[in-house]
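Residue numbers (our numbering): 4 to 355. For each residue, glycine too, the CB sits at the ideal point set by N, CA and C. Here is the structure we will look at.
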Ligand code: NAD
Ligand code: ZN
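Here is the structure:
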């Protein structure tokens, strides 16, 4: 089979590989659509998870099942499925402890294009098929279905980590495709005010649609100062971080009320330490929680999140701004995600 791979840091291209083998609990699937993620950009061009040689990239896809292992009960060839970007080993001790995303080691539930080949190939392997696949709802667009792989569960996980409550004022830092889903998740959880930090007009328009009430740009001065101005010096109850750098924790802590929580899902691609401002962190006693996490993955989450879409409570369509058809456009889509033109939210490639 052919797959689009990271050859080494900074270099990518099409390669030939053997079709993966299917173990008793596994499935082999072929993509219906794949989406490019900013994490692919961090991995390939920044070497953020270290060097990888001839590793097929990509972790966001919807697919059709072509083969299942002898122990798989709920899926069969021909089924159209949703696949989470994080596919834990559900019988691991880490999953039993409630941290499925770290099954087998820190971040090891993230297997595609990290510990094994990813989804930018004619076929790919899914471990623990009954625990990780979900049936794609009837009539769902395969391009939209890709957004359920990672953007929805990750953006929503920031909201879960920040523990957004009814009536909260929430700051969402970064409104790319992940942060937009944090805006949507905060709105679904009952936030009263959602202050979004971002600059691309297309993202600002989408954020309005998902429930953002106020907008600030990090290019117009320190985020925390702008938040304090907007909130009459009070600050916010919760912060979701879905963009920025190791420096972004500083304004997040400064903008947060005591007792507040920060949920980070941003992938910190560079820098050795994050900055926590001592005084605004209450000289160590401010009850300002900083939580960072990889989304949990798995079938139940896929089923629940897709039910929000079928119930008409979550519209994925605004995320897919650039939809291509055919593998020939994959590289173009990947390079778009790196270059982030002003009209881009998410590039998706449908495999017709
Ligand atoms: P994106 O680049 O499209 O959006 C990032 C946003 O951050 C933009 O709105 C941009 O304006 C804003 N931004 C950039 N620099 C900033 C700064 N200095 N201060 C404040 N805001 C700034 O990215 P995306 O595709 O939405 O992904 C967001 C992050 O989430 C990426 O780092 C990605 O790798 C990561 N991610 C994490 C997971 C996970 O499971 N934890 C999954 C997918 C993606
Ligand atoms: Zn992703």
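Count the other C-beta atoms from every protein chain shown that fall within 10 angstroms of the C-beta of residue i, then say buried if there are 16 or more, exposed otherwise.
| i | result |
| --- | --- |
| residue 338 | exposed |
| residue 211 | exposed |
| residue 24 | exposed |
| residue 160 | buried |
| residue 276 | exposed |
| residue 146 | buried |
| residue 27 | exposed |
| residue 355 | exposed |
| residue 183 | buried |
| residue 70 | buried |
| residue 299 | buried |
| residue 105 | buried |
| residue 43 | buried |
| residue 325 | buried |
| residue 128 | buried |
| residue 90 | buried |
| residue 245 | buried |
| residue 109 | exposed |
| residue 286 | exposed |
| residue 58 | buried |
| residue 288 | exposed |
| residue 114 | buried |
| residue 254 | buried |
| residue 303 | exposed |
| residue 223 | exposed |
| residue 34 | buried |
| residue 309 | buried |
| residue 349 | buried |
| residue 80 | exposed |
| residue 319 | buried |
| residue 261 | exposed |
| residue 250 | exposed |
Does the ligand FMN have a heavy atom nearer than 8 Å to the CB of residue i?
| i | result |
| --- | --- |
| residue 64 | This structure simply doesn't include the ligand FMN; it includes the ligand NAD and the ligand ZN instead. |
Given residue i, which residues of its chain have a CB within under 7 Å of its CB, disregarding the five upstream and five downstream residues?
| i | result |
| --- | --- |
| residue 272 | 45, 49, 51 |
| residue 139 | 65, 83, 84, 85, 148 |
| residue 402 | This structure does not reach residue 402, given that the chain is present from 4 up to 355, and the question cannot be answered. |
| residue 234 | 172 |
| residue 153 | 40, 62, 63, 88 |
| residue 4 | 20, 22, 124, 125, 126 |
| residue 292 | 264, 265 |
| residue 343 | none |
| residue 236 | none |
| residue 252 | 277, 278, 279, 293 |
| residue 284 | 256, 291 |
| residue 213 | 183, 186, 187, 190 |
What does DSSP give as the partner residue(s) for residue i in the beta ladder?
| i | result |
| --- | --- |
| residue 7 | 17 |
| residue 400 | The chain is shown from 4 up to 355; residue 400 falls before or after that span and cannot be answered. |
| residue 343 | Paired residues: none, contrary to the question. |
| residue 259 | 239 |
| residue 128 | 31 |
| residue 351 | 38, 326 |
| residue 250 | Partner(s): none; residue 250 has no beta bridge. |
| residue 219 | 200 |
| residue 115 | 119 |
| residue 68 | 32 |
| residue 232 | Its beta-bridge partners do not exist; DSSP assigns none. |
| residue 1 | This structure cannot speak to residue 1, because the chain is shown only from 4 to 355. |
Using C-beta distances below 8 Å, list every residue in its chain close to residue i, excluding the 5 sequence neighbours before and after it, in chain order.
| i | result |
| --- | --- |
| residue 345 | 203, 204, 205 |
| residue 258 | 174, 226, 227, 230, 231, 238, 239, 242 |
| residue 54 | 11, 12 |
| residue 17 | 5, 6, 7, 8 |
| residue 76 | 133 |
| residue 301 | 87, 89, 90, 91, 93, 103, 134, 135 |
| residue 281 | 287 |
| residue 15 | 7, 8, 9, 47, 60, 334, 337 |
So, does the CB of residue i fall closer than 9 Å to a CB anywhere in chain D?
| i | result |
| --- | --- |
| residue 18 | In the structure shown, chain D cannot be found, because there is only a single protein chain. |
Residues in the same chain with beta-carbon distance under 6 Å from residue i, minus the five sequence neighbours each way, listed in chain order, please.
| i | result |
| --- | --- |
| residue 231 | none |
| residue 157 | 181, 268, 298 |
| residue 116 | 60, 61, 62 |
| residue 332 | 352 |
| residue 73 | 27 |
| residue 155 | 184, 308 |
Self-check item: Sequence ranges, beta strand (DSSP E) only - wholly within the region 131-182, length at least 3
Solution: 172-176
Quiz item: Residue ranges of each beta strand (DSSP E) run of no fewer than 3 residues wholly in the region 271-333, ordered along the chain?
Solution: 292-295, 323-328
Exercise. Please specify which runs of the alpha helix (DSSP H), each continuous and at least 4 residues long, are wholly inside the region 177-217, giving them in chain order.
Key: 180-191, 204-213
Quiz prompt | Those runs of the alpha helix (DSSP H) which lie wholly inside the region 71-110 and span at least 4 residues | solution = 96-99
Quiz prompt | Segments assigned alpha helix (DSSP H), at least 4 residues, entirely inside the region 26-60 | solution = 41-48
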